[in-house]
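Data first, discussion second: the structure below is written as C-alpha cells.
Chains as they are written, first to last, in our numbering: chain A, 1 to 334; chain B, 335 to 610.
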C-alpha cells in the first residue's frame with residue numbers, strides 16, 4: 001500500500017516537473033510563430049494583403065488593430081501572447097469571419113481520430129513484422145520486409161493516394177474517393193452509417209499509416225535484435241523457458257519501450273501529413289482547413305493552426321513520456 | 335579497404351549510387367536527350383496515351399510527358415542540394431557551437447532545437463510559403479531552414495565526444511584558437527554522420543518539394559516538376575493514368591536511390607552505427 005503511494009508521489013512529482021518544463025517551450029513556440037508572420041515584406045497587412053482581393057480595407061484595419069501594428073515589436077508580441085493564452089487567435093479572413101479557434105476546434109476531432117486509427121494500425125502491423133524479422137534474421141521474410149521498408153520510405157504518400165483513388169475509386173468503384181459521408185448518409189440506418197464512414201475512412205487511414213509502417217517495423221526489428229543479445233535473455237533461455245515465452249514476454253516488453261518515444265516523435269509528422277491526405281481526399285479536418293487558409297492567405301487562421309499544431313505535438317510528447325514512465329520502472333527513480 | 339572498394343562491395347549502396355549518377359546525367363544532359371521541347375503546346379495531341387512518339391504519353395496541353403520529366407529532374411536536383419546545403423550549414427554551426435562550448439550556450443541552443451522540433455514541419459513550411467510567394471527559391475530556403483535540427487544534434491554529439499580527446503587538448507595547450515580547433519581539428523572528424531544525414535536529407539527534401547508542388551504551393555507551372563505534373567494527373571485521373579504513374583515512379587526511384595546510397599554510406603563511414 002505504502003509502495004503504491006510512494007509511486008504515486010514520484011509520478012506526480014515527475015508530471016509537474018514535465019509540465020513546468022513545457023512552459024519555456026510553449027513560449028518559444030509562440031515566439032517562433034510570431035516571427036513567421038513578421039516574415040512578410042513590410043508588415044502582415046502590407047504587400048501580400050494589398051494584392052489579395054479577399055482582404056478588404058476593413059479586414060486590414062481589423063488586422064492592424066489585432067496585432068497592434070503601430071506599436072514596437074516586443075509590445076506587439078506581448079499583446080498577441082496575452083490573447084493567445086486565452087486561445088484568442090482573432091477572426092478568420094474568410095467571408096464567414098468566425099473566430100479562428102472555433103473553426104479549428106470543430107476540425108480537431110476528425111484529424112485526431114484518423115491519426116489515432118492509423119497509429120493503431122501501424123502498431124498492429126509493424127510490431128509483428130519487426131519481431132518476426134528480428135527473430136528470423138536473414139530469412140526470406142526478413143529480406144522481403146527490408147525491401148518493403150525501403151520502398152515504404154521512398155513512396156510519396158500523395159502519389160500512393162492518387163494511385164489508390166484511381167484503382168479502387170475510379171476503375172473498380174469499390175470505395176468513395178472524397179469526403180467523409182455519402183449524400184445519402186442522413187437516410188441510412190445506424191449500421192449503414194457506420195459502414196459508410198468506414199468506407200470513406202479506409203483509404204485515408206491506410207495511406208496515412210503506410211509511411212509509418214516502414215519506419216516502425218524497421219525500428220522494432222533493430223530494438224528486438226538489440227534486446228535478444230542481452231544477458232537476461234540468455235538467462236531466460238538457460239532457465240529453460242519456452243522460446244515463445246522468451247521472445248513474447250521477456251524480450252518484447254523491453255523492445256517495446258523505445259517505441260513509445262518514437263510514437264511521440266512521429267506526431268508532428270502525422271499532423272503535418274494530414275494536410276496532404278485531407279486535401280487529396282477532401283476530408284474536413286485540420287489539414288484541409290490549414291491548406292485552405294494558406295491558399296486564401298488567411299493569416300489569423302494560419303497563425304492559430306501553427307500554434308495549435310505545435311501545442312498538440314507537445315501534448316503528444318508529454319503523453320509519450322508519461323506512458324514511458326508508467327511502463328518503465330527505472331525512469332521514475334531518476 | 336578504400337572507400338570506393340567498400341562502396342562497390344555494398345550492393346544496395348552501389349544501386350543507390352548508380353541511380354543518383356544517372357539522375358545527375360539526365361538533368362545535365364536534359365537539352366540533348368529530351369526528345370521534345372518540354373513547353374511546346376500541341377493542341378492536336380492532347381492527353382495521348384503512351385505510344386512510340388511519346389513513350390510516356392502527353393499531358394492536357396499536348397506536351398510530351400517524358401521530356402517534361404527529364405527537365406523536371408533538374409528541379410529535384412536543385413531543391414535537394416540547395417535545401418540540404420542550407421540545412422547542413424545551419425546545423426553544423428549550431429551543433430558545433432553547442433557541443434564545443436557546452437554550458438549555457440549548449441542549453442540555449444538545444445532548447446531552440448526542441449522548439450523547432452515541436453512544429454509539424456509541413457505546417458511551418460506552408461505558413462512561410464503562404465506569407466512569402468511560392469517559388470522554387472523560397473521552397474529551397476524554407477525546406478533548409480526547417481530541416482537542420484537533426485544535423486545540429488548529430489554534430490553536437492560528435493563534438494561532445496571529440497573535444498575531450500587528447501589531440502584536441504594538445505592543440506589547445508599549444509595555443510590554437512577556438513576557431514582553428516573547431517574547423518581544423520574537430521569538424522573534419524565529425525563529418526561522417528553529417529554526410530550520411532545529408533544524403534538521406536536530399537531524399538526528404540525531394541519528397542517535400544514534390545508534395546508542395548503537387549498541392550500547388552511549390553514549383554509553379556509551366557516550369558515542370560514531378561510534383562506539379564502529378565497535379566495534372568489528379569485532374570485527369572479518370573482518363574489519363576500515365577500522367578499519374580510516371581512522374582510518381584520518378585520520385586519513388588530517386589528517393590529510393592538517395593536512401594540506399596545514404597544507408598550504404600552509413601555502413602561504410604560510420605561503422606559504430608552499422609546494423610547488427
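All C-beta atoms, glycine included, are put in the ideal place defined by N, C-alpha and C.
So residue i contacts chain C; which residues on that side make the cut at Cβ distance below 8 Å?
i: residue 235(A); result: Protein chains in the displayed structure are A and B, and chain C is not among them.
Does DSSP classify residue i as helix, strand or coil?
i: residue 398(B); result: strand
i: residue 91(A); result: strand
i: residue 480(B); result: coil
i: residue 176(A); result: coil
i: residue 374(B); result: coil
i: residue 156(A); result: coil
i: residue 454(B); result: coil
i: residue 392(B); result: strand
i: residue 365(B); result: helix
i: residue 258(A); result: helix
i: residue 558(B); result: coil
i: residue 99(A); result: strand
i: residue 387(B); result: coil
i: residue 250(A); result: helix
i: residue 210(A); result: helix
i: residue 603(B); result: helix
i: residue 551(B); result: coil
i: residue 290(A); result: helix
i: residue 296(A); result: coil
i: residue 245(A); result: helix
i: residue 46(A); result: Unreliable placement is indicated for residue 46(A), whose pLDDT of 49 sits below 50; no coordinate value is reported for it.
i: residue 61(A); result: helix
i: residue 466(B); result: coil
i: residue 4(A); result: helix
So, for residue i: in the same chain, excluding its five sequence neighbours on each side, which residues have a beta-carbon less than 8 Å away from its beta-carbon?
i: residue 378(B); result: 396
i: residue 22(A); result: 314, 318
i: residue 348(B); result: 341, 342, 598
i: residue 502(B); result: 496, 515, 519, 520
i: residue 202(A); result: 175
Within the same chain, show all residues whose beta-carbon is closer than 6 Å to that of residue i, passing over the 5 residues directly before and after it, in chain order.
i: residue 391(B); result: 382, 383, 384, 399, 576
i: residue 545(B); result: none
i: residue 457(B); result: none
i: residue 316(A); result: 264, 267
Less than 8 Å between the CB atoms is what I'm expecting for residue i and residue j, so what's the real figure, rounded?
i: residue 490(B); j: residue 432(B); result: 5 Å
i: residue 281(A); j: residue 161(A); result: 7 Å
i: residue 409(B); j: residue 551(B); result: No, residue 409(B) and residue 551(B) are not in contact; Cβ-Cβ is about 15 Å, not under 8 Å.
i: residue 252(A); j: residue 122(A); result: With 8 Å as the limit, residue 252(A) and residue 122(A) do not qualify as a contact, their Cβ atoms being about 17 Å apart.
i: residue 274(A); j: residue 285(A); result: 6 Å
i: residue 283(A); j: residue 206(A); result: Not a contact, Cβ separation roughly 13 Å.
i: residue 193(A); j: residue 175(A); result: Their Cβ separation, rounded to whole angstroms, is 16 Å, which puts residue 193(A) and residue 175(A) out of contact at 8 Å.
i: residue 15(A); j: residue 267(A); result: Actually they are not in contact, since the Cβ atoms of residue 15(A) and residue 267(A) sit about 19 Å apart, beyond 8 Å.
i: residue 301(A); j: residue 33(A); result: With a Cβ gap of about 13 Å, residue 301(A) and residue 33(A) do not count as contacting.
i: residue 89(A); j: residue 101(A); result: 6 Å
i: residue 37(A); j: residue 375(B); result: Rounded, the Cβ-Cβ distance is 39 Å, inconsistent with contact.
i: residue 561(B); j: residue 547(B); result: 3 Å
i: residue 473(B); j: residue 553(B); result: 7 Å
i: residue 455(B); j: residue 272(A); result: 6 Å
Leaving aside the five residues before and after residue i along the sequence, list all residues of the same chain whose C-beta is less than 7 Å from its C-beta, in chain order.
i: residue 405(B); result: 364, 368, 372, 558
i: residue 536(B); result: 414, 415, 418, 592
i: residue 94(A); result: 296, 298
i: residue 556(B); result: 373
The ligand ZN heavy atoms versus the CB of residue i: any closer than 7 Å?
i: residue 327(A); result: Because no ligand of any kind appears in the structure shown, any question about the ligand ZN cannot be addressed here.
Exercise for the section: Mind the definition here: the stretch 576 to 591 of chain B touches the stretch 537 to 546 of chain B only if three or more C-beta pairs lie below 8 Å; say whether that holds. Expected result: Result yes; three or more Cβ-Cβ pairs closer than 8 Å.
Handout entry: Residues in the stretch 285 to 310 of chain A having any Cβ partner in chain B nearer than 8 Å
Key = If the cut-off is 8 Å between Cβ atoms, the stretch 285 to 310 of chain A has 290, 291, 293, 294, 295, 297, 299, 302, 303, 305, 306, 309, 310 near chain B.
Handout entry: Any 3 or more C-beta pairs closer than 8 Å across the stretch 572 to 585 of chain B and the stretch 148 to 163 of chain A
Key = Touching, yes.
Practice task
Take every Cβ of the stretch 420 to 439 of chain B, pair it with every Cβ of the stretch 473 to 492 of chain B, and state whether three or more of those distances are shorter than 8 Å.
Solution key: A contact exists between the stretch 420 to 439 of chain B and the stretch 473 to 492 of chain B.
Practice task
Say whether the stretch 205 to 222 of chain A touches the stretch 114 to 127 of chain A, bearing in mind that this needs 3 or more beta-carbon pairs closer than 8 Å, one atom from each stretch.
Solution key: Taking 8 Å as the limit for Cβ pairs, the verdict is that the stretch 114 to 127 of chain A does touch the stretch 205 to 222 of chain A.
Practice task
Scan the stretch 206 to 220 of chain A for residues whose Cβ lies nearer than 9 Å to a Cβ of chain B and list them as they occur along the chain.
Solution key: Within the stretch 206 to 220 of chain A, no residue has a Cβ that lies closer than 9 Å to any Cβ of chain B.
Exercise for the section: Closer than 9 Å, Cβ to Cβ, to anything on chain B: give me those residues from the stretch 238 to 269 of chain A, in chain order. Expected result: Within the stretch 238 to 269 of chain A, those residues whose Cβ lies closer than 9 Å to any Cβ of chain B are, in chain order, 265, 267, 268, 269.
Exercise for the section: Please list the residues of the stretch 471 to 491 of chain B that have a C-beta atom closer than 7 Å to any C-beta atom in chain A, keeping them in chain order. Expected result: Flagged: no residues at all.
Practice task
Flag this pair as touching only if the stretch 300 to 311 of chain A and the stretch 22 to 33 of chain A have three or more C-beta atom pairs under 8 Å; answer yes or no.
Solution key: Flag = yes, the stretch 300 to 311 of chain A and the stretch 22 to 33 of chain A touch.
Exercise for the section: Count the C-beta pairs between the stretch 220 to 238 of chain A and the stretch 134 to 150 of chain A that are closer than 8 Å, then say yes if the count reaches three, no if not. Expected result: At 8 Å Cβ cutoff, the stretches touch.
Exercise for the section: Decide if the stretch 436 to 449 of chain B is in contact with the stretch 507 to 525 of chain B; the criterion is three or more beta carbon pairs, one per stretch, under 8 Å apart. Expected result: Counting C-beta pairs with one atom in each stretch, the stretch 436 to 449 of chain B and the stretch 507 to 525 of chain B have fewer than three that are closer than 8 Å, which means they do not touch.
Handout entry: Chain-ordered residues of the stretch 555 to 583 of chain B with a beta carbon less than 7 Å from chain A
Key = Listed by position along the chain: 564, 567, 568, 571, 572, 575, 578, 582.
Exercise for the section: Taking only beta carbons into account, state which residues of the stretch 88 to 110 of chain A come closer than 7 Å to chain B, listed in chain order. Expected result: So the list is empty, because no residue satisfies the distance condition.
Exercise for the section: Please name the residues in the stretch 440 to 453 of chain B whose beta-carbon is closer than 8 Å to at least one beta-carbon of chain A, in chain order. Expected result: Those would be 445, 446, 448, 449, 450, 451, 452, 453, in chain order.
Exercise for the section: Quick one: which residues of the stretch 164 to 185 of chain A get their C-beta closer than 7 Å to a C-beta of chain B? List them in chain order. Expected result: So the close ones are 165, 166, 170.
Handout entry: Contact set between the stretch 398 to 419 of chain B and chain A, restricted to residues whose Cβ is under 9 Å from the partner
Key = Flagged: no residues at all.
Problem - chain B contacts from the stretch 139 to 155 of chain A (Cβ-Cβ distance under 8 Å) - result: Listed by position, the residues of the stretch 139 to 155 of chain A near chain B (Cβ gap below 8 Å) are 150, 151, 153, 154, 155.
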